[in-house]
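Here's the structure we're looking at; comments come further down.
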Amino acid sequence: MRQRITAAAGALALALMLLVNFRGPRDLALATAASPGADPATAAGGTSSRTGVGNGSGATAGSTGSTTSGGTAGPTGTAGSTGKTGSSGSSGSAGSSGTGQSTTGVSVQYVGPVAADPYGNVQVEVTVKAGKIVDVTALAMPVGGRSGSISNYVAPILRKQALTVQSARIDGVSGATYTSIAYATSLQGALDQAGL
Amino acid sequence: MTVAGASERPLRDDEPRTRPDRQLRVEFIMGTAITVDIRAPFVSSDAIDAVFEVLRDIDRRFSLYRRDSELGLLAAGALLEADLSADVRWVLAACDDLARTSNGAFDVRRHRPDGIVDPSALVKGWAVEEAALRLATAGAVNLLVAAGGDIVSRGEAAPGVPWQIGVRHPDDAAHVAAILSMRDNAIATSGLYERGEHIIDPRTGTFPQGLVSLTVVGPDLAWADAYATAGFVMGLQGLAWIDAHPGYGALAITESREVVWTPVIDRYRVPDSTGAHGFSDDSHPEGLH
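Here the protein sequences come in this chain order: A and B. Just so you know, we're using this note's numbering here: the first sequence kicks off at 1 and counts up by one. Just so you know, we're using this note's numbering here: the second sequence kicks off at 1 and counts up by one.
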């Protein structure tokens, strides 16, 4: 099996790698990795078990369309995603006792515990639909930021553009990610509640 | 809506979406998701296993979340710096060098409120470079290794098609604010939007102002990552500071929601593909004001 991912990592990657569908998500390599379509039964089981990357990604993308992105950039209907369409052998196979998650089309939120971090408290909410994680949201993150005026210093070498949403085929996303153990702890708590 | 090199036609809904064209693996190490994405020629599964084992080993030695790691023992006072392994001492020495050249904007000995020596900003990038190097040694030519949002790319995504890396939109994790097209480069981003004010100015103990995120592109991820942290602390001045490092470029998103970048970025930046939105100063490179 050439393509393997860790199911738990896939679930965490959904949140941590900040990857959602862009236009042409079939080429979003990291979104494939972040696919929550991996067998949810293994999601809480640690990082040892791996499963086929293609599992259920198509179905996943279909459900993520209703979650974080909503997509100002991506038109609806781009939710093809990577992975085999309809190959969701893992779909609904969790055999877990979660409530409501077997009902197709119904999203259920599970809130993780507040976990402490050197910089503050972290709390995570997962949204489960049809036995799959379709969204991970940070309810609480350490705060303390302050806004201030930008320095008037500007180097003449710099170039600028108004901030816009870009869309194109991409292979990965660079962004400051939240790497705290506290995040993982709260996420795991939410997954436990969800029975995943 | 295409970008340079994106020539594949869209898949129909009923077409299979298996990807025989890549080796993809994700594992959760160092507190983040590590992705390995290899395009042909492929390597053995054992080779990828070995790379992840290297990363786990680095985590065992460097993680501050492990009391028994070298840095954990150092933080607890149970180990002296002279007793650290050569790798750890090298990392700390590199960080100390950068503390000097950045006039203290990057200082792994002073940037945490608890006073713990924390070189994570450089360690992660260095670890990913190690992973990429070992994959290349195993025969991979076209590869991408990502640790969270820090990425090393080698070769190309497909014959004639560079890797396309998005820079996260600061207000919307689902979208990107810029796209960089690159071969053989590293990219790292520091910012506040996800880590919750994780970056503190070591010189003042306060939170940096001016930028929401700072992305650095360059030949080595360890330095790109560290420069991104240092440059973020410096604010807009950080772009000029990074520009002074040969081969490295910076792209910042400011608090007033402008995208600002150094000339090196022009080599990689894909022009705004949304067209109708916003404006572009591309034809007026004279500066901000």
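Note that beta-carbon positions come from the ideal geometry of N, C-alpha and C, so glycine has one too. Since this is a predicted model, take the numbers as computed values, not measurements.
Residue span of the beta strand (DSSP E) that contains residue i, given as start and end
i, result
"R89/B", "No beta strand (DSSP E) contains R89/B, which is instead part of the alpha helix (DSSP H) from 86-101."
"G238/B", "Element bounds for G238/B: not the beta strand (DSSP E) but the alpha helix (DSSP H), 237-243."
"D37/B", "32-39"
"R112/B", "Run containing R112/B: none; DSSP gives neither H nor E here."
"T189/B", "185-191"
"T254/B", "249-254"
"F28/B", "22-29"
"L163/A", "Run containing L163/A: none; DSSP gives neither H nor E here."
"Y65/B", "Run containing Y65/B: none; DSSP gives neither H nor E here."
"A147/B", "142-147"
"Q209/B", "Counting along the chain, Q209/B falls outside any beta strand (DSSP E), and DSSP gives it neither H nor E."
"G166/B", "163-169"
"L180/B", "172-182"
"V108/A", "107-111"
Residue interval of the alpha helix (DSSP H) (run including residue i)
i, result
"S50/B", "Reading off the sequence shown, one finds Ala at residue 50/B, where the question assumed Ser. 45-62 is the extent of the alpha helix (DSSP H) around A50/B."
"S120/B", "120-137"
"G72/B", "70-75"
Coil, strand or helix - residue i by DSSP
i, result
"T229/B", "helix"
"D171/A", "coil"
"E156/B", "coil"
"D266/B", "helix"
"D272/B", "coil"
"A222/B", "helix"
"D201/B", "coil"
"A82/B", "helix"
"S69/A", "The pLDDT assigned to S69/A is 32, lower than 50, so where the model puts this residue is not dependable; a value taken from the coordinates is nonetheless given after this. Coil at S69/A, not helix or strand."
"L14/A", "Note that L14/A has pLDDT 37, beneath the 50 cutoff, so the model's placement of it is unreliable and no number is given."
"R257/B", "coil"
"L158/A", "coil"
Per-residue contacts from residue i into chain A (C-beta, under 8 Å)
i, result
"I165/B", "I170, D171, G172, V173, S174"
"I253/B", "L163"
"T215/B", "S174"
Distance between beta carbons of residue j and residue i, contact taken as under 8 Å
i, j, result
"L236/B", "L211/B", "7 Å"
"R60/B", "R67/B", "Incorrect: roughly 12 Å between the Cβ atoms, too far for contact."
"Q166/A", "G166/B", "7 Å"
"A252/B", "L214/B", "5 Å"
"I200/B", "H111/B", "5 Å"
"V43/B", "L135/B", "6 Å"
"V108/B", "V128/B", "In fact, because the Cβ distance is near 18 Å, the residues do not count as touching under 8 Å."
"S174/A", "T189/B", "5 Å"
"A226/B", "L84/B", "Actually they do not touch by this definition, with Cβ atoms about 19 Å apart."
"V88/B", "L71/B", "7 Å"
"V233/B", "F106/B", "7 Å"
Neighbouring residues, chain A, relative to residue i (Cβ below 7 Å)
i, result
"D245/B", "Contrary to the premise, residue 245/B reads as His rather than Asp in this sequence. The contacting residues do not exist; H245/B stays about 13 Å from chain A at best."
"A157/B", "D171"
"H169/B", "V165"
"A188/B", "S174"
Selection from the options that minimises the alpha carbon distance to residue i
i, options, result
"A168/A", "A177/B, R110/B, L214/B, F207/B", "A177/B"
"V145/B", "L55/B, L80/B, R89/B, L84/B", "L55/B"
"G205/B", "S153/B, D114/B, F52/B", "D114/B"
"T262/B", "G218/B, D107/B, D184/B", "G218/B"
"W223/B", "L92/B, R183/B, D266/B", "L92/B"
"D118/B", "P208/B, R22/B, T229/B", "T229/B"
"R39/B", "G155/B, D150/B, C95/B", "G155/B"
"R159/A", "S153/B, P271/B, R25/B, T35/B", "P271/B"
"E258/B", "M182/B, D171/B, A240/B, A188/B", "D171/B"
"G172/A", "F28/B, A33/B, I29/B", "A33/B"
"R22/B", "G149/B, P41/B, I265/B, E81/B", "P41/B"
"S63/B", "E81/B, S45/B, G31/B, E255/B", "G31/B"
"A86/B", "A174/B, I58/B, Y268/B, D37/B", "I58/B"
"V161/B", "E81/B, L192/B, R183/B, R203/B", "R183/B"
"A140/B", "E27/B, V260/B, R269/B, D37/B", "D37/B"
"H169/B", "N185/B, L122/B, G191/B", "G191/B"
"Q209/B", "A240/B, E255/B, Y248/B", "E255/B"
Interface partners of residue i on chain B, CB under 9 Å
i, result
"T127/A", "Residues of chain B passing the Cβ test: none, with the nearest at roughly 14 Å."
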